[in-house]
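Please read the structure below before turning to the comments.
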Amino acid sequence: MPIKYELIKTCKQTGARLGRVHTPHGSFETPMFMPVGTLATVKTMAPEELKEMGADIILANTYHLWLRPGEDIVEEAGGLHKFMNWDGSILTDSGGFQVFSLSDLRDIKEEGVHFRNHISGEKLFLSPEKAMQIQNSLGPDIMMAFDECPPYPASHEYMKSSVERTTRWAERCLEAHKRPNEQGLFGIVQGGEYEDLRRQSARDLVSMDFPGYAVGGLSVGEPKDVMNRALEFTTPLLPDHKPRYLMGVGSPDSLIDGALRGIDMFDCVLPTRIARNGTCMTSEGRLVVRNAKYSRDFRPIDEACDCHTCRNYSRAYIRHLIKCNETFGFRLTTYHNLYFLLNLMKQVRQAILDDRLGDFREEFFEQYGFNKPDAKNF
Ligand SMILES: [Zn+2]
1 MPIKYELIKT
11 CKQTGARLGR
21 VHTPHGSFET
31 PMFMPVGTLA
41 TVKTMAPEEL
51 KEMGADIILA
61 NTYHLWLRPG
71 EDIVEEAGGL
81 HKFMNWDGSI
91 LTDSGGFQVF
101 SLSDLRDIKE
111 EGVHFRNHIS
121 GEKLFLSPEK
131 AMQIQNSLGP
141 DIMMAFDECP
151 PYPASHEYMK
161 SSVERTTRWA
171 ERCLEAHKRP
181 NEQGLFGIVQ
191 GGEYEDLRRQ
201 SARDLVSMDF
211 PGYAVGGLSV
221 GEPKDVMNRA
231 LEFTTPLLPD
241 HKPRYLMGVG
251 SPDSLIDGAL
261 RGIDMFDCVL
271 PTRIARNGTC
281 MTSEGRLVVR
291 NAKYSRDFRP
301 IDEACDCHTC
311 RNYSRAYIRH
321 LIKCNETFGF
331 RLTTYHNLYF
341 LLNLMKQVRQ
351 AILDDRLGDF
361 REEFFEQYGF
371 NKPDAKNF
């Protein structure tokens, strides 16, 4: 098995897991946040900078790399790691989510999904077999099964037929996966907010013995309490000795709440996307550095942060750069936001070690302002 999960400790206060995931490109401690490098680059960041801030695993997107530059070119370069000069671990998604979210013109059939390229309009077809072939060529350490991610809300009837198709697709993925000794394939549990369907999905996928499991179909527009409830009844259905990945979640409160419910891995474009808008995550909540009130503010973005950005640059300078669309400004805010989340996960791991993740949550929410009635979430 190319992917191994080592459970180090369970938090006595909450049941959250502290662990370590081993891949062919090293290991990383969990709970972990994975920065997203859609097109084989975490926008504006050099791989060396990601290493320096403690990112041991990043994510890349199959759909985008399939279209540009094409998986054959990446394969010819020696795989994603060599192509982008990243020697840490890489996870790729299956392309399914982009097909379902980017394309209005799609047709879901048992054999796969017909849709149009969001750039050129050209007709394309993605299936479990195709998603495996592309990911085998890209060569990440962890690849994801091709699934359907239904929107929220979806009826029980629709969700049931979707879950069953996702299970049949998962079987086809396992069969089509050509490099099982070098790349670990994760199954994706679907079922939306429905406990019986999550149970059915988890039971069927766990019987196929994937090296890890994702909880999919959340963070698609449902209220946070719906997501938390779904996690509460889904994570206990997953095996203890395998990693659990919550897809598409990256706001500080949801990372803590996911870890509390037994999740080990997270990814989201949120910290990098909002950074390019001039929005920063700080220990006291959201800070929109574009705002005029920072034009003469010579303090760092977050006075409690010791990242490269906060040690060297002021709010006023970063505001100026971003207002002028200077690339360096985007680099500075991106660096800070990623560092902030990686550091938050480090604090979460320490709190699990100290059996006090519940207390940590209360303290963090209080300081971050999530408990205030006018709290601004992301
Ligand atoms: Zn900082």
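Mapping to the UniProt record's numbering: the sequence shown position 263 is 263, numbers consecutive. Glycine included, every Cβ here is placed at the ideal spot set by N, Cα and C.
Going along the chain, which residues of its own chain have a beta-carbon closer than 6 Å to the beta-carbon of residue i, five neighbours each way excluded?
| i | result |
| --- | --- |
| Pro211 | Met1, Ile3, Gly184 |
| Gly191 | Val163, Leu197, Arg198, Ser201 |
| Ser219 | Gly248, Val249 |
| Glu284 | none |
| Cys268 | Gly248, Val249, Gly250 |
| Leu246 | Val215, Gly258, Ile263, Phe266 |
| Asn228 | Asp257 |
Where does residue i sit, in a helix, a strand or coil, going by DSSP?
| i | result |
| --- | --- |
| His172 | Here the sequence assigns Arg to residue 172, which means His is not the residue at that position. Arg172 falls in the helix class under three-state DSSP. |
| Glu96 | According to the sequence shown, residue 96 is Gly rather than Glu. It is helical. |
| Lys293 | helix |
| Leu65 | helix |
| Cys324 | coil |
| Ser89 | strand |
| Cys310 | helix |
| Arg356 | coil |
| Met281 | strand |
| Phe298 | coil |
| Phe330 | helix |
| Ile3 | coil |
| Leu59 | strand |
| Lys9 | strand |
Residue i: buried (16+ other C-beta within 10 angstroms of its C-beta) or exposed?
| i | result |
| --- | --- |
| Cys173 | buried |
| Cys11 | buried |
| Phe328 | exposed |
| Asp359 | exposed |
| Glu148 | buried |
| Tyr339 | buried |
| Cys324 | exposed |
| Ser89 | buried |
| Asp264 | buried |
| Ala170 | buried |
| Tyr194 | buried |
| Lys123 | exposed |
| Asp107 | exposed |
| His177 | buried |
| Asn85 | exposed |
At the level of alpha carbons, what is the spacing between residue i and residue j?
| i | j | result |
| --- | --- | --- |
| Pro47 | Glu71 | 20 Å |
| Lys82 | Lys293 | 44 Å |
| Lys372 | Gly187 | 38 Å |
| Asn181 | Tyr63 | 24 Å |
| Arg17 | Glu222 | 25 Å |
| residue 381 | Met45 | Any answer about residue 381 is impossible in this case: the structure gives the chain only from 1 up to 378. |
| Ser282 | Gly15 | Residue 282 is actually Thr in this sequence, not Ser. C-alpha separation (whole angstroms): 27 Å. |
| Gly271 | Asn277 | Here residue 271 turns out to be Pro, not Gly, going by the sequence shown. Between Pro271 and Asn277, the C-alpha separation is close to 10 Å. |
| Ala131 | Gly112 | 10 Å |
| Ile274 | Arg331 | 12 Å |
| Pro140 | Asn291 | 40 Å |
| Thr167 | Arg315 | 49 Å |
| Ala55 | Ile119 | 30 Å |
What does a CB cutoff of less than 7 Å around residue i pick up in its chain, not counting 5 residues either side in sequence?
| i | result |
| --- | --- |
| Cys310 | Pro300, Ile301, Asp302, His336 |
| Leu65 | Leu39, Ala40, Glu71, Val74, Leu138 |
| Asp240 | Leu7 |
With a cut-off of 8 Å, does the C-beta of residue i fall near any C-beta of chain D?
| i | result |
| --- | --- |
| Pro223 | Absent from the structure is chain D; it holds one protein chain and no more. |
Note down, in chain order, each residue of its chain lying with its Cβ closer than 8 Å to the Cβ of residue i, except the 5 sequence neighbours on either side.
| i | result |
| --- | --- |
| Thr234 | Val189, Gly191, Arg198, Ala202, Val215 |
**Message:** If you measure from each CB to the nearest heavy atom of ligand 1 and keep those under 6 Å, what residues do you get, in chain order?
**Reply:** Ile301, Asp302, Cys305, Cys307, Thr309, Cys310, His336, Tyr339
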